Each structure stands twice: as structure tokens, then as C-alpha cells.
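Student:
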Amino acid sequence: MPSVTAARSWWAVSRTRSRFTAVAATALVLALGAISVVVWTSPDISPVQQTLRVAEGLQQADADAKEREQLLARIDALEAQVDSLTEGKADAEQALAESDGTLQATLRELALLKDASAARSTAPVTTTTPRSQTPTVAPAAPVTAPSKAELLAPDALYYGMYTEQAPHNWATLDATSAKVGALPSMVGYFGGWDEEFRADAVTRSWSRGMLPMLTWESRPIQAQNDVVDEPDYSLPRIIDGAFDEYLHRYAQQIVATGLPLAIRLDHEMNGIWYPWSETNASGGSLNGNSPGDYVKMWQHVHDIFQQEGANDLVIWVWAPNRIDNLPKANRSAEFLQRLYPGDDYVDWVGMSGYLRPPYTDASSYTFDATFGATLTQLRALTDKPIVLAEVAASETEGHKPEWVASFFEGLADPANDDVVGFGWFSLAVTTYVQGERATNDWRIDSRADSLAAFQAGLTSLGDHVKTQPNG
0 MPSVTAARSW WAVSRTRSRF TAVAATALVL ALGAISVVVW TSPDISPVQQ TLRVAEGLQQ
60 ADADAKEREQ LLARIDALEA QVDSLTEGKA DAEQALAESD GTLQATLREL ALLKDASAAR
120 STAPVTTTTP RSQTPTVAPA APVTAPSKAE LLAPDALYYG MYTEQAPHNW ATLDATSAKV
180 GALPSMVGYF GGWDEEFRAD AVTRSWSRGM LPMLTWESRP IQAQNDVVDE PDYSLPRIID
240 GAFDEYLHRY AQQIVATGLP LAIRLDHEMN GIWYPWSETN ASGGSLNGNS PGDYVKMWQH
300 VHDIFQQEGA NDLVIWVWAP NRIDNLPKAN RSAEFLQRLY PGDDYVDWVG MSGYLRPPYT
360 DASSYTFDAT FGATLTQLRA LTDKPIVLAE VAASETEGHK PEWVASFFEG LADPANDDVV
420 GFGWFSLAVT TYVQGERATN DWRIDSRADS LAAFQAGLTS LGDHVKTQPN G
């Protein structure tokens, strides 16, 4: 590459001439710009205003037009000089001097013409000055949604999906949906109690025709699973009103948004891995909580929302974990019943159910093996509709396609007609579960055979599931 200091215009006979030529060209361009601005934008002498004055019968219009034509001709001449300079046909220094003189004379004439036009503009005119026309932009269509009552009793299953960023970013959800062949009718996402209500999550969901389901965790959003010591977020503190101001504000913001959403508050409460659980594996207090605190917390939050009118928009989802993966003391129907807030405080009941390692020789990779025992306890507890709020299968050991096929067969079974939907956790996640590091690929499209099983299963449900066309 040649040196920057050695380079010069190909048409300049010397470095000195090159510098003068550059100065001249720059000056001429500036001169042209100044003249053009004055001629074309001056409110008294612009072509648009001149046309209006002619239409209005103002005198001297023809003379002004001729003068403008002459000035524009001079501009053309100046442009020609620039062209000739770039071709090396004129002496730069002389052209600069001549152009400067021409520019000054032209500007003086323009000033005189402007003064004359201004004087004439004081004469009365009989025509009406046209109003400026601003393009009309159609307002965006308001985001609408079905009523809570309509959402509570759907005529088909909700097909939901969790991805890393939806509903704040649709890229992954759309890419997965393109592979599946249909868009979901429900979108799941997470929020913490260190966050304000995200109205945009709700409006973005409904703008795509999807019911938003917020998993609302009473802890900071960045908290890690299996970290159960969160004393600032203990159930007694919530019950005693430490978060009342926040909860009132959150409910008010929901009302202001005016669109419904499902809230899965402090899910999997029958486990031992979240700070809102009451007891640990040995039955001792977890995070300062005691038996009965979970129900009191739930009812306290619900009551605040009721005071603010937010319960007209919120579908409250109470969703424990599958019971057969819990410590023995947590598997009984009595234990689950102790955590239930009551039918007046819950709209849907639900559960989390995963096919996850480790497996044994007795493991079964079916819908009933994963969901059966828990569904039995839920149905004994209440007749509320059931949502399989968080489901997925791991690729470990290759059982996923078989399990996916059985999952959709279970949804089609009339015995499960009280199930109103499911939310697939479509992420690959590395976590520490009870002290052990584990990576599981829960994604719908984790492998080609797993994706094919999902496509076939969803298609087999036909009108029994709510989906939307891609695009």
C-alpha cells in the first residue's frame, strides 16, 4: 500500500499544485452549496413560493423568474469549472480567485432580489395560503385478548413453549415453531420479585395471540436453583407485609395494562430446592419458613391483588412438582393438601413433570409414569382445571422420542380431559440439582428423531390443541 503522505491527485502536476487544487475545489463546492441553499430554500424566492405568487397574480413574477434562471445558469457555470478542475484543464489558483469574486457578486444580487421580493410580499393578496399537508399515519391497532372467563375454559389444549428470551425476543421460539410447523398458543417466562411488572411481556404475547404465563418467583431473578437461603424473601417476611408496597404496585400495573395473564406463583413448593418451600428433606425449617406459611403467603398476595382489581385479569396457577421424585415425607396426599391455598384462591392447578435421569431398570418412559401419581392427588384435592405447566424430556440415554410419543397419547386420552394445556421447557440447561452437576437438553428440536416425534404427536391431536399457523 502506498504511503499516505506520498499520494496525490493523479491530475496535479506537483504536490503544491495538488494542495491549491484541493483548496479550490473545496471552496467551489461550498460556494455552490451556499448559492443552492439561498436559491432553493429562501421563503421569498424559492420556486415553490414563486409558483404560488404567480398563481396569486403578483407583479414582477416573470422578471424574478428570469433573474433566477440567470443565477442558476451561473451555478451551472461554476459546476463546469469544478469539472474542468478535476480534469486538470484550469489553473487552481486563478479559478479560486475568479470563483470567489463570482460568488460574492452573485450573493449581492441575490440579496437585492430577496429585498425586492420581501417588499412586494407586503402587498395584500386575495388568495388563501394553502395549509401544509402532514401525512396521516394510521394509529396502531390496540392489542386485544379474550376475557379471563373465556381463557379459563378453552375449547382446546393450550400449547405452550418456554425459550430463553420469549416473549421479549421471538427468535428462538419462531425458529423452533418453524421446525414444528405451528406456533404456540401460550408462552411461558420467568420473573423475580426484584423486578417490576413487565407490561411489554404481556402485550407482546397477546400481539402474537399467545396467553402469557408468568412464573413469578419470590426471590431475585438471578438467584440460582438449589440456593434456598434467601432470608430477605422468607415467607414470614412476605406475610408480615415487607413486600406489600411492591405487590400493590405490581397489581396496579397489571390493571393499567388491561390484558389477562396466567401467574404461576412460587411453583414446585412441595420440593426442597426453592426458598419458598416450608421444610427441608429431614423435615426441618427451610429459609425460616414453617408449615402453613406457604398458604398464608399465597392468600396474602392474592388478597392484595383483589384489593387492586387485578384478579379480574390474573389466572392463578398453583403448580407443585411431580410427587414421585420427592423425598419420601413429601409424597403423601396430606403433605400436598397442606400446601393448597383453597379453591377461592386458585384458578388452575398444575404440575411440573420431566423425564430426567438417573434411570433404573424399573424406569418407564410413559405419560402415566411421569404424571399419573401426581394427577391422581391433584384430582383428589380439587376439580379445578389442570395445566401441565412445565414439561420436557432429556436426551440422556435416548428415551426422549418414546416418551414424547407417549406424552401426546396421554393428552389425547379422554381420562385427561380436565387437562387444559401444557408448557414445554425448550432449553438446554446445565444446573446443580441437590449438589450434582447435570446437563439436560430439553429442547423440542434437540435431535431429529425427538423433533419428529413432537411433530407427529402435535399433529395427531388435531383440533384438540390450540396452535397458530407460522408466518
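All residue numbers for the sequence shown refer to numbering that gives the first Met the number 0, where the first residue is 0 and numbers rise by one. Ideal Cβ placement from N, Cα and C applies to all residues, glycine included. Since we're looking at a predicted model, the values are computed, not measured.
(1) Enumerate in chain order the residues of its own chain whose CB-to-CB distance from Y188 is below 8 Å, with the five nearest sequence positions on each side excluded.
(2) How would you label Q376, buried or exposed, when you count the other beta carbons within 10 angstroms and need 16 or more for buried?
(3) Can you grab the Cα-Cα spacing for the pair W402 / L234, in whole Å?
(4) Is the beta carbon of D265 less than 9 Å from the beta carbon of E216?
(5) Kindly give me the distance between the Cβ atoms of L426 and H398, rounded to whole angstroms, as I take these residues to be in contact under 8 Å.
(6) According to DSSP, is N320 helix, strand or coil?
(7) Report back the beta-carbon spacing between F421 and L156 to the nearest angstrom; my notes put them in contact at under 8 Å.
(8) Applying the criterion that 16 or more other CB atoms from any shown protein chain within 10 Å of the CB defines a buried residue, is K383 buried or exposed?
(9) For T143, which three-state DSSP category applies?
(10) So, for G456: in the same chain, excluding its five sequence neighbours on each side, which residues have a beta-carbon less than 7 Å away from its beta-carbon?
(11) If we call anything under 9 Å between Cβ atoms a contact, is A250 one with G287?
(12) Determine the extent of the alpha helix (DSSP H) in which W205 is found, giving its start and end residues.
(13) Can you tell me which of S445, D343, W347 puts its alpha carbon nearest to the alpha carbon of A391?
(14) Using a Cβ-Cβ cutoff of less than 6 Å, which residues in the same chain neighbour Y293 once the five nearest sequence positions on both sides are dropped?
(15) Work out the CA separation of P319 and M350 for me, nearest whole Å.
(16) Are at least three pairs of beta-carbons, each pair with one atom in the segment 243 to 262 and one in the segment 298 to 312, less than 8 Å apart?
(17) Would you list the residues sitting across from V391 in a DSSP beta bridge?
(18) Quick check on L410: does DSSP put it in helix, strand or coil?
(19) Quick one: what's got a C-beta closer than 8 Å to L380's C-beta in the same chain, skipping five residues either side?
(20) Could you check the C-alpha separation between T365 and G240 for me, to the nearest Å?
(21) If you draw a straight line from the C-alpha of A255 to the C-alpha of I220, how long is it?
(22) By DSSP's criteria, Q467 is part of a beta bridge. Which residues make up the other side?
(23) Mapping the DSSP letters down to three states, classify L210 as helix, strand or coil.
(24) Starting from the N-terminal side, write out each stretch of the beta strand (DSSP E) that is 3 residues or longer and does not extend beyond the segment 247 to 323.
(25) From the DSSP output, read off the bridge partner residues of D440.
(26) Contact defined as beta carbons within less than 8 Å: I believe V142 pairs with L258. What is the distance between those atoms, to the nearest angstrom?
(27) Output the distance between the C-alpha atoms of D228 and L285, rounded to the nearest integer angstrom.
Tutor: Quick answer:
(1) Start at 1 with the first residue of the sequence shown, and residue 188 comes out as number 189. If we look at Y188 and ignore the five residues flanking it on each side, its Cβ neighbours are Y161, A165, P166, H167, A200, P211, M212, L213, T214.
(2) Taking the sequence shown and counting its residues from 1, the one referred to as residue 376 is at position 377. The residue in question, Q376, is buried, as its Cβ has 16 or more Cβ neighbours within 10 Å.
(3) For this step, residue 402 is matched to residue 403 along the sequence shown. For this step, residue 234 is matched to residue 235 along the sequence shown. Their Cα atoms are separated by approximately 37 Å.
(4) Position 266 of the sequence shown, counted from the first residue, corresponds to residue 265. Position 217 of the sequence shown, counted from the first residue, corresponds to residue 216. Yes.
(5) The sequence position of residue 426 within the sequence shown is 427, counting from 1. The sequence position of residue 398 within the sequence shown is 399, counting from 1. L426 to H398, Cβ: 19 Å. No contact.
(6) Your numbering for residue 320 matches position 321 in the sequence shown. Strand, per DSSP.
(7) Here residue 421 refers to the residue found at position 422 of the sequence shown. Here residue 156 refers to the residue found at position 157 of the sequence shown. Confirmed, about 7 Å.
(8) Along the sequence shown, read from residue 1 onward, the residue named residue 383 stands at position 384. K383 is buried by the Cβ-count criterion.
(9) Translated into the one-based positions of the sequence shown, residue 143 becomes position 144. Of the three classes helix, strand and coil, the one that applies to T143 here is coil, per DSSP.
(10) Position 457 of the sequence shown, counted from the first residue, corresponds to residue 456. So the list reads V403, A404, F406, F407, once near-sequence residues are dropped.
(11) Residue numbering aside, residue 250 sits at position 251 when the sequence shown is read from its first letter. Residue numbering aside, residue 287 sits at position 288 when the sequence shown is read from its first letter. Contact: no.
(12) Here residue 205 is taken as the residue at index 206 of the sequence shown, counted from 1. Looking at the DSSP string, the run of the alpha helix (DSSP H) that includes W205 is 198 to 206.
(13) In the sequence shown, counting from the first residue as 1, residue 391 sits at position 392. Among S445, D343, W347, the Cα nearest to that of A391 belongs to S445.
(14) Counting from one through the sequence shown, the residue named residue 293 turns up at place 294. Closer than 6 Å at Cβ, skipping near neighbours: M268, E277, L338.
(15) The residue labelled residue 350 in the question sits at position 351 within the sequence shown. The residue labelled residue 319 in the question sits at position 320 within the sequence shown. Their backbone Cα atoms lie some 5 Å apart in a straight line.
(16) yes
(17) The count along the sequence shown starts at 1 and reaches residue 391 at position 392. Correcting the residue identity first, residue 391 is Ala in this sequence and not Val. A391 is bridged to Y353.
(18) For the purposes of this step, residue 410 is taken as residue 411 along the sequence shown, with counting starting at 1. Looking at L410 - three-state DSSP - the assignment turns out to be helix.
(19) On the sequence shown, position 381 is the one that residue 380 refers to. A332, L335, Q336, Y339, V348, listed in sequence order.
(20) Taking the sequence shown and counting its residues from 1, one reaches residue 365 at position 366. Taking the sequence shown and counting its residues from 1, one reaches residue 240 at position 241. Distance between the alpha carbons of T365 and G240: 44 Å.
(21) Locating residue 255 in the sequence shown gives position 256, counting from the first residue. Locating residue 220 in the sequence shown gives position 221, counting from the first residue. Their backbone Cα atoms lie some 23 Å apart in a straight line.
(22) As a working mapping, residue 467 is identified with position 468 in the sequence shown. Per DSSP, L182.
(23) Position 211 of the sequence shown, counted from the first residue, corresponds to residue 210. Strand.
(24) 260 to 264, 313 to 317
(25) Taking the first residue of the sequence shown as 1, we reach residue 440 at position 441. Note: D440 sits in a beta bridge opposite A427.
(26) Residue 142 sits at position 143 when you count from the first residue of the sequence shown. Residue 258 sits at position 259 when you count from the first residue of the sequence shown. Right, the Cβ-Cβ distance comes to about 7 Å (below 8 Å), so this counts as a contact.
(27) Here residue 228 is taken as the residue at index 229 of the sequence shown, counted from 1. Here residue 285 is taken as the residue at index 286 of the sequence shown, counted from 1. Each residue's Cα considered, the two are about 8 Å apart.
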